[in-house]
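This note's numbering applies: residue 67 is where the sequence shown begins, and numbers increase by one.
Ideal Cβ placement from N, Cα and C applies to all residues, glycine included.
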Amino acid sequence: MSLLVMSTSDVHSPRYLMHYMSALSKHRADCEKVELVLWAGDMVEKGNVAALKPVIEVTKKFCGKARIIAVFGNEEYMDREREFITRYPEIVWLNDNHYVYVSSGGEEIAIYGTRGSLDRPTRWQRRHIPGIEKVYRERAIRLKEEVLRLKKEYEKVVVLMHYAPTYLTLEGEDKSIWPEMGSIFMEKAIRESKPNIVIHGHAHNSKRLEVTIDNILIVNVAFPARKDVTILTI
67 MSLLVMSTSD
77 VHSPRYLMHY
87 MSALSKHRAD
97 CEKVELVLWA
107 GDMVEKGNVA
117 ALKPVIEVTK
127 KFCGKARIIA
137 VFGNEEYMDR
147 EREFITRYPE
157 IVWLNDNHYV
167 YVSSGGEEIA
177 IYGTRGSLDR
187 PTRWQRRHIP
197 GIEKVYRERA
207 IRLKEEVLRL
217 KKEYEKVVVL
227 MHYAPTYLTL
237 EGEDKSIWPE
247 MGSIFMEKAI
257 RESKPNIVIH
267 GHAHNSKRLE
277 VTIDNILIVN
287 VAFPARKDVT
297 ILTI
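In C-alpha cells:
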C-alpha cells in the first residue's frame, strides 16, 4: 500500500510564508488527499514561535485531514523547544524519538525524527553549546539503533531530519561549509540501519534534491531549493 505525503522545510516564516501559501494552493488537489504533512525544520525565522501560527493555519486550510509531524531546525532554537511544543500541541513534535502513524488503509508507518548531525559544529554552536560534538555523534548512533529496532516492528520506517544526512544533496552549496550543513557520520548510520526513506531540509541552494544510497531514497525538501512543496508517495 502507498501513502501520500506533503513535505517541506525552511519556510522561515514570515520570510517565505506567502510563497508557501501559493505552493499549497497550486497543489490543492493533492493536499486534499494527503494523510501526512512532514516538516523538516526551520519553519520559522530566528526562533519566532508566534510565526508558526499562520503556517499551521494555511496548512490546515489546504491539507485539513492530514496529521502534521515536525522536527526542530536550527531556527527553532533549542531553548524554545518547550514553548513550541506547549503552544502548538496539535503538531507531533519529534526530537530523537518516533511516532507511529496508522494509515487509512490500516498500515503502520514508523516516523523517526531528529534535528540531525553536523560533522563540524558551527562557530556559534561551538561557543554556546558545550559538548555539541558529542551530541551530534551520539544522535547518529541513537538513530541507527532506533531505526534498526523499528524495522523489526514495522514494515515502513521514515526518517525525518533537518540537517543533511549526506553531502550528496549539498551540491550547489559552498563546499567549504558542507561539514557545517550535514554529516558523513550520519550517512553511515543511515546506510547501516536502512530506513525506507530519509527526508531532510536545510540546504537552500541544493542542486541535487534527491539521491539514492544503498537503495535508500534521500530527499531534500527545503522550500528555497525547490521553490515548492514536495509531494511524495511512500
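- If V287 and I265 are in contact, beta carbons under 8 angstroms, what's the gap, nearest whole angstrom? Reading the sequence shown from its first residue, position 221 is the one you call residue 287. Reading the sequence shown from its first residue, position 199 is the one you call residue 265. Indeed they touch by this definition, with Cβ atoms about 6 angstroms apart.
- Task: May I ask which residues mark the beginning and end of the alpha helix (DSSP H) holding S259?
- Result: On the sequence shown, position 193 is the one that residue 259 refers to. Start and end: I250 to S259.
- How about M87 and V124: are their beta carbons less than 8 angstroms apart? The residue you call residue 87 lines up with position 21 of the sequence shown. The residue you call residue 124 lines up with position 58 of the sequence shown. A contact, by the Cβ cut-off of 8 angstroms.
- Message: Please return the same chain residues whose Cβ sits closer than 6 angstroms to the Cβ of S259, not counting the five positions on each side in sequence.
- Response: To locate residue 259, count along the sequence shown from 1; it is residue 193. K210, V213 and L214.
- One or two residues paired with A288 in a DSSP bridge: For the purposes of this step, residue 288 is identified with residue 222 of the sequence shown, where counting begins at 1. According to DSSP, which records beta bridges pairwise, A288 is partnered with S75.
- Query: Should the region 152-159 be regarded as contacting the region 197-208, the criterion being three or more beta carbon pairs within less than 8 angstroms?
  - Reply: no
- With distances taken from CA atoms, which of P261, G248, A176 and R193 is nearest H270? Here residue 270 refers to the residue found at position 204 of the sequence shown. Answer by Cα proximity: G248.
- Whole-Å CB distance - G267 paired with G107, under 8 angstroms assumed: As a position in the sequence shown, residue 267 is number 201, starting the count at 1. As a position in the sequence shown, residue 107 is number 41, starting the count at 1. Contact flag correct, Cβ pair sits at about 5 angstroms.
- Exposed or buried, what is W244 when buried is set at 16 or more other beta-carbons lying within 10 Å of its beta-carbon? Mapped onto the sequence shown, residue 244 falls at position 178. Buried: at least 16 other Cβ atoms inside 10 Å.
- Message: Using only the alpha-carbon positions, how far apart do M117 and P80 sit?
- Response: As a position in the sequence shown, residue 117 is number 51, starting the count at 1. As a position in the sequence shown, residue 80 is number 14, starting the count at 1. It is worth fixing the name first, because residue 117 is Ala in this sequence and not Met. Roughly 6 angstroms separates the two Cα atoms.
- Are at least three pairs of beta-carbons, each pair with one atom in the region 171-178 and one in the region 218-236, less than 8 angstroms apart? yes
- Message: Please report the distance separating the alpha-carbon of T152 from that of M144.
- Response: Taking the sequence shown and counting its residues from 1, one reaches residue 152 at position 86. Taking the sequence shown and counting its residues from 1, one reaches residue 144 at position 78. Straight-line Cα distance between these residues: approximately 14 angstroms.
- Query: Among residues of its own chain, excluding the 5 on either side of R146, which ones have a beta-carbon nearer than 7 angstroms to its beta-carbon?
  - Reply: Numbered from its first residue, the sequence shown carries residue 146 at position 80. Answer for R146: G113 and V115, listed in chain order.
- Item | Beta-carbon spacing of Y167, R133 below 8 angstroms | What you label residue 167 is simply residue 101 of the sequence shown in a count that begins at 1. What you label residue 133 is simply residue 67 of the sequence shown in a count that begins at 1. Yes, the pair counts as a contact, with Cβ atoms nearer than the cut-off.
- Message: Please report the distance separating the alpha-carbon of E142 from that of Y154.
- Response: Start at 1 with the first residue of the sequence shown, and residue 142 comes out as number 76. Start at 1 with the first residue of the sequence shown, and residue 154 comes out as number 88. Taking the straight line from one Cα to the other gives about 13 angstroms.
- Residue environment, D76, which counts as buried when at least 16 other CB atoms sit within 10 Å: Position 10 of the sequence shown, counted from the first residue, corresponds to residue 76. With 16 or more Cβ atoms within 10 Å of its Cβ, D76 is classed as buried.
- Write down every uninterrupted run of the beta strand (DSSP E) in the region 107-166 whose length is 3 residues or greater and which is fully enclosed by it, in chain order. 133-137 and 158-160
- Report all residues from its chain with a CB closer than 8 angstroms to the CB of I279; omit the five preceding and five following residues, and keep chain order. Here residue 279 corresponds to residue number 213 of the sequence shown, with the count starting at 1. T232, L234, E253, I256 and R257, listed in sequence order.
- Mapping DSSP to helix, strand and coil, what is V100? One-based indexing of the sequence shown puts residue 100 at position 34. Coil at V100, not helix or strand.
- Item | Span separating the alpha-carbon of R94 from that of W105 | If you number the sequence shown from 1, residue 94 lands on position 28. If you number the sequence shown from 1, residue 105 lands on position 39. The alpha-carbon atoms of R94 and W105 are separated by roughly 18 angstroms.
- Message: Within 10 Å of its beta-carbon, does H164 have 16 or more other beta-carbons around it, so buried, or fewer, so exposed?
- Response: Locating residue 164 in the sequence shown gives position 98, where the first residue counts as 1. H164 should be labelled buried.
- Task: Return helix, strand or coil for A89, following the three-state DSSP convention.
- Result: Within the sequence shown, numbered from 1, the residue matching residue 89 stands at position 23. Three-state DSSP puts A89 in a helix.
- Check the C-beta distance from F289 over to D185 and give it rounded, since I have them as a contact under 8 angstroms. Counted from its first residue, the sequence shown places residue 289 at position 223. Counted from its first residue, the sequence shown places residue 185 at position 119. In fact, because the Cβ distance is near 24 angstroms, the residues do not count as touching under 8 angstroms.
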